[in-house]
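*Asks:*
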Amino acid sequence: MIRLIVFFAILFAVALGASWLADRPGTLMLDWQGYQLETSVMVALLSVAVLVVAGIILWSVLRGVVGSPRALQHFFGRRRREKGTAALKHGFIAVGSGNVRDAQKAAKEARKFLKHEPATLLLTAQSAQLSGDRETARKTFESMLDDDETRLLGLHGLFVEAKREGESEAARHYVEEAAALAPSVPWAGKAQLEFRSADGDWEGALKTLAENVANKLVDKKTARRQRAVLLTARGLELEDGNPDEARKMAVEAHGLAPELVTAAALAGRLLSRAGDFRKAAKILEAAWKKEPHPEIAEAYLYLRPGDSARDRLKRAKTLNTLRSHHAEGALALARVAIELHDFETAREALTRVLRSDPTERACLMMAEVEEGEHGDQGRMREWLARAVKMPRDPAWIADGYVAEEWAPISPVTGRLDAFEWKVPVAMLAGAQGPTIEDDLLKPRPVAPVAGPALAAAPAAATAVGDEKLDAAPAEKAEEPVVIEAEPAPAPAAEKVVEAEDAVVIEAEAAPTATPVEKETSKAEAAAKPAEAKSAPEAPVEAKEPAAAEPAKAAKPADVVEASAIEATPEGAAKTDDEDYSGLPFGGHAPDDPGPLADDDDVMGRGRPRYN
5 MIRLIVFFAI LFAVALGASW LADRPGTLML DWQGYQLETS VMVALLSVAV LVVAGIILWS
65 VLRGVVGSPR ALQHFFGRRR REKGTAALKH GFIAVGSGNV RDAQKAAKEA RKFLKHEPAT
125 LLLTAQSAQL SGDRETARKT FESMLDDDET RLLGLHGLFV EAKREGESEA ARHYVEEAAA
185 LAPSVPWAGK AQLEFRSADG DWEGALKTLA ENVANKLVDK KTARRQRAVL LTARGLELED
245 GNPDEARKMA VEAHGLAPEL VTAAALAGRL LSRAGDFRKA AKILEAAWKK EPHPEIAEAY
305 LYLRPGDSAR DRLKRAKTLN TLRSHHAEGA LALARVAIEL HDFETAREAL TRVLRSDPTE
365 RACLMMAEVE EGEHGDQGRM REWLARAVKM PRDPAWIADG YVAEEWAPIS PVTGRLDAFE
425 WKVPVAMLAG AQGPTIEDDL LKPRPVAPVA GPALAAAPAA ATAVGDEKLD AAPAEKAEEP
485 VVIEAEPAPA PAAEKVVEAE DAVVIEAEAA PTATPVEKET SKAEAAAKPA EAKSAPEAPV
545 EAKEPAAAEP AKAAKPADVV EASAIEATPE GAAKTDDEDY SGLPFGGHAP DDPGPLADDD
605 DVMGRGRPRY N
């Protein structure tokens, strides 16, 4: 629009001048070397204008002819730059999208058209990193160190490569050089802080953090948190050697980050050691309200040295009241109650946790309650078995590493303030853990204790019809065992008992169980046992140890040596005297002191003899 206005203004001026000359006519005469040229003023002015335009055109032509080589050079250079710029654009897009082949192709094309451009070097290095060619990437970054414009970029690239290769010393060198070259670079300040923290140089780390804050490399909230972490780490280091200085640092750290559990626990312990119990309790209670934690609970429960278990129980109830719906309060209360043998209070507290959010620690503590309250080993083992299947309790985790105690840096990556208090990933998302039945949470009623007469029980007896067979301990038999009984007055049915699945129950004070004879009378009890030999008829193996079937036809079996067992004739009646041959008291009743040593007849009754 402006150009149009200017054009019309010039045109108007020319027209106005032509009109002014037309109103004032005149003649111009030129006399030169005997020649006279006479013309009007208007014609003369037009002639001058034509000559000027022709001169301009001629000058332009001459200038174009003289400067044509340079013009051609600029033209082709501009074309190369355009192609190189397009290659860089496509290359960086390929690197960002992870397309290795296109990135390498674009880098090659960019080197062809824009060889010495910093962007070309960066694309070459990034494409080499993407393809895993560490050597090419390192050489490319080293070539950037020669140019002041790309020196900082080269140091950053070499630092990243050194970190990937695990060369900590080289990485430190590049960080120090970059920090000296440009203190306001964020990556250099952060890396320098982490390296000094990894070395345990907490004073140097605090100084570096102050420099980062001055250079506005971190925000105020992050700076306060990092300073609290560094002060806590320094306080833990000085806890035993210089408790006064450690106490000041812990209190300052708690003020900067009240949610930092370790800082609050450290401040509580050191203030308690100094005798300032009121301030220690205030700090621990404030931290508990923000984040209930076992470490805070332990420091609060043992706040005053020399307190009794009753005092600790009162403080545990106070913690439980501050966060009544949190599991840590109930667990702390249950722990103190178990130490005090107040199992009813412990069971009540653990029941709340197990109903809402059962964990491994709650089940282990319930096992202690069952063992301590009633000595119920069965319920205790049941809770221990459930603890294995329950979700894990929260723990300190940093970069997948689970630690028992908090640490200021991650042992995996060296990152500052990396540990978090959370539940380790132990199951897939959405999977539900085992549930706790209500009957298991209630105390089991104590059964009445039987008399001392039942202290020792006989070997596991198995009933066969109206008869009793005593199953003696035996190893698993690979093949059926055939035993021939001694001839008896009445025909006896041979029995075969397979000891493969027999269950033996022994009394606590009983001697090793021994094979016993099946007797029909006192006279047959002292009979000599028969030696094992080939049986005329093949017996049938018993399917269950509790029942023996009559002999049937079966395949012949090998004969092995075994203790003789006398078979009772079918239909034979028992004697009036009670049979105690299977008891582990030497063949007499539990309340019988036993026969005299010189009574050979009585001493031999009911005792088996071995070949």
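Those letters in the sequence shown? Residues 5 to 615, by the numbering used here.
Quick reminder that beta carbons are idealized off the backbone N, C-alpha and C, glycines included.
Going along the chain, which residues of its own chain have a beta-carbon closer than 6 Å to the beta-carbon of F117, five neighbours each way excluded?
*Replies:* Taking the first residue of the sequence shown as position 1, residue 117 is located at position 113. Excluding residues within five positions, the ones whose Cβ falls inside 6 Å are R84, K87 and G88.
*Asks:* Taking C-beta to C-beta, are E374 and R383 nearer than 7 Å?
*Replies:* Here the question's residue 374 lines up with position 370 in the sequence shown. Here the question's residue 383 lines up with position 379 in the sequence shown. Yes. Within cutoff.
*Asks:* Could you have a look at T31 and say whether DSSP puts it in helix, strand or coil?
*Replies:* For this step, residue 31 is matched to residue 27 along the sequence shown. In this structure, DSSP gives T31 an extended state, which the three-state scheme calls strand.
*Asks:* Within 10 angstroms of the Cβ of T516, are there 16 or more other Cβ atoms? Answer buried if so, exposed if not.
*Replies:* Against the sequence shown, residue 516 aligns to sequence position 512. In this prediction, T516 has a pLDDT of 42, which is less than 50 and means its spatial position is unreliable; nothing more can be read from the coordinates.
*Asks:* Quick check on DSSP: helix, strand or coil for Y39?
*Replies:* In the sequence shown, residue 39 corresponds to position 35, counting from 1. Of the three classes helix, strand and coil, the one that applies to Y39 here is strand, per DSSP.
*Asks:* Find out if the Cβ-Cβ distance for the pair A278, A267 is shorter than 7 Å.
*Replies:* Translated into positions along the sequence shown, residue 278 becomes position 274. Translated into positions along the sequence shown, residue 267 becomes position 263. The answer is no: Cβ separation not under 7 Å.
*Asks:* With a threshold of 8 Å on Cβ separation, who are the neighbours of P262 within its own chain once the five nearest residues in sequence on each side are excluded?
*Replies:* Counted from its first residue, the sequence shown places residue 262 at position 258. Taken in chain order, the residues that qualify are A268, A290, A291 and K294.
*Asks:* Which of the three DSSP states, helix, strand or coil, is assigned to A331?
*Replies:* Taking the first residue of the sequence shown as 1, we reach residue 331 at position 327. Helix, per DSSP.
*Asks:* Please list the terminal residues of the continuous alpha helix (DSSP H) segment that includes I617.
*Replies:* A query on residue 617 cannot be resolved here, the shown segment of the chain reaching from 5 to 615 and no further.
*Asks:* With 16 other CB atoms within 10 Å as the buried threshold, where does G161 fall?
*Replies:* For the purposes of this step, residue 161 is taken as the residue at position 157 of the sequence shown. With 16 or more Cβ atoms within 10 Å of its Cβ, G161 is classed as buried.
*Asks:* Hey, quick one: how far does the beta strand (DSSP E) through W400 stretch, first residue to last?
*Replies:* For the purposes of this step, residue 400 is identified with residue 396 of the sequence shown, where counting begins at 1. For W400, the enclosing beta strand (DSSP E) covers residues A399 to A402.
*Asks:* Who are the near neighbours of L25 in its chain, counting only those whose CB is closer than 8 Å to its CB and skipping five residues on each side?
*Replies:* Here residue 25 refers to the residue found at position 21 of the sequence shown. Answer for L25: V45, M46 and L49, listed in chain order.
*Asks:* Here's a check: name, in chain order, each residue in its chain whose Cβ is nearer than 6 Å to the Cβ of Y414, leaving out the five neighbours to either side.
*Replies:* Sequence index remark: in the sequence shown, residue 414 carries index 410 (1-based). Reading off the sequence shown, one finds Ser at residue 414, where the question assumed Tyr. Around S414: A402, D403 and A422.
*Asks:* So A313 and A334 are supposed to be a Cβ contact under 8 Å. How far apart are they, rounded?
*Replies:* Taking the first residue of the sequence shown as position 1, residue 313 is located at position 309. Taking the first residue of the sequence shown as position 1, residue 334 is located at position 330. Not quite, the Cβ-Cβ distance comes to about 18 Å (not below 8 Å), so this is no contact.
*Asks:* Assign G136 to buried or exposed, taking buried as 16 or more other Cβ atoms, counted over all protein chains shown, within 10 Å of its Cβ.
*Replies:* If you number the sequence shown from 1, residue 136 lands on position 132. Burial call: exposed.
*Asks:* Bridge partners for K119 per DSSP, in chain order?
*Replies:* Position 115 of the sequence shown, counted from the start, is the residue given in the question as residue 119. Paired residues: none, contrary to the question.
*Asks:* Which residue wins for smallest C-alpha separation from E241, given the options L420, A411, F11 and G59?
*Replies:* Mapped onto the sequence shown, residue 241 falls at position 237. For E241, the nearest C-alpha among the options comes from A411.
*Asks:* Count the other CB atoms, across all protein chains shown, that sit within 10 Å of the CB of N246; report buried if there are 16 or more and exposed otherwise.
*Replies:* Numbered from its first residue, the sequence shown carries residue 246 at position 242. With fewer than 16 Cβ atoms within 10 Å of its Cβ, N246 is classed as exposed.
*Asks:* Tell me whether W191 sits in a helix, a strand or coil according to DSSP, three-state version.
*Replies:* The sequence position of residue 191 within the sequence shown is 187, counting from 1. W191: helix per DSSP, three-state reduction.
*Asks:* Kindly confirm or deny that the region 68-77 and the region 104-119 touch, where touching means at least three C-beta pairs closer than 8 Å.
*Replies:* no
*Asks:* Given this structure, state the Cα-to-Cα distance separating G208 from R200, to the nearest angstrom.
*Replies:* Here residue 208 refers to the residue found at position 204 when the sequence shown is read from its first residue. Here residue 200 refers to the residue found at position 196 when the sequence shown is read from its first residue. Each residue's Cα considered, the two are about 6 Å apart.
*Asks:* Please report whether the beta-carbon of G404 lies at a distance below 7 Å from any beta-carbon of chain C.
*Replies:* Any reference to chain C falls outside this structure, which holds one protein chain only.
*Asks:* Any idea what DSSP makes of E241, helix, strand or coil?
*Replies:* Numbered from its first residue, the sequence shown carries residue 241 at position 237. In the structure shown, E241 sits in a helix (DSSP, three-state: H, G or I).
*Asks:* Closer than 6 Å: is that where the CB of A331 sits relative to any heavy atom of the ligand MN?
*Replies:* Within the structure as shown, the ligand MN is missing, as the structure has no ligands at all.
*Asks:* Taking only three categories from DSSP, how would you classify A407?
*Replies:* The count along the sequence shown starts at 1 and reaches residue 407 at position 403. In the structure shown, the three-state DSSP call for A407 is strand.
*Asks:* Applying the 10 Å Cβ sphere with the 16-neighbour rule, what's the burial state of R67?
*Replies:* Locating residue 67 in the sequence shown gives position 63, counting from the first residue. With fewer than 16 other Cβ atoms within 10 Å, it is exposed.
*Asks:* For T212, which of D150, E198 and G59 has the nearest alpha-carbon?
*Replies:* One-based indexing of the sequence shown puts residue 212 at position 208. When each option's Cα is compared against that of T212, the closest is E198.
*Asks:* In or out: T325 buried (at least 16 other Cβ within 10 Å) or exposed?
*Replies:* As a working mapping, residue 325 is identified with position 321 in the sequence shown. Exposed: under 16 other Cβ atoms inside 10 Å.
*Asks:* Can you list, in chain order, the residues of its chain with a C-beta nearer than 6 Å to that of A175? Leave out the 5 residues immediately preceding and following it.
*Replies:* The sequence position of residue 175 within the sequence shown is 171, counting from 1. Excluding sequence neighbours, A175 sits near F163, A166 and K167.
*Asks:* If you draw a straight line from the C-alpha of S131 to the C-alpha of R273, how long is it?
*Replies:* The residue labelled residue 131 in the question sits at position 127 within the sequence shown. The residue labelled residue 273 in the question sits at position 269 within the sequence shown. S131 and R273: Cα-Cα distance of roughly 55 Å.
*Asks:* Please classify L420: does DSSP put it in a helix, a strand, or coil?
*Replies:* Walking along the sequence shown from the start, residue 420 turns up at place 416. L420: strand per DSSP, three-state reduction.
*Asks:* What three-state label does DSSP hand K220 in the structure shown?
*Replies:* Start at 1 with the first residue of the sequence shown, and residue 220 comes out as number 216. Here K220 sits in coil by DSSP.
*Asks:* Quick one: residues in its chain with C-beta nearer than 7 Å to the C-beta of C367, no 5 flanking neighbours on either side, listed in chain order?
*Replies:* Along the sequence shown, one-based indexing puts residue 367 at 363. Residues of the same chain with a CB within less than 7 Å of the CB of C367, apart from the 5 flanking positions on each side, are W387, R390, A391 and M394 in chain order.
*Asks:* I'd like the span of the alpha helix (DSSP H) that includes N324, first residue to last.
*Replies:* Counting from one through the sequence shown, the residue named residue 324 turns up at place 320. It spans A313 to L326 - the alpha helix (DSSP H) in which N324 sits, taken as one unbroken run.
*Asks:* With burial defined as no fewer than 16 other Cβ atoms inside 10 Å of the residue's Cβ, what is the status of E377: buried or exposed?
*Replies:* Residue numbering aside, residue 377 sits at position 373 when the sequence shown is read from its first letter. Residue burial is scored here from C-beta neighbours: E377 has at least 16 other C-beta atoms within 10 angstroms and is therefore classed as buried.
*Asks:* Pull up the DSSP beta-bridge partners for K426, would you.
*Replies:* The sequence position of residue 426 within the sequence shown is 422, counting from 1. Beta-bridge pairing links K426 to A399.
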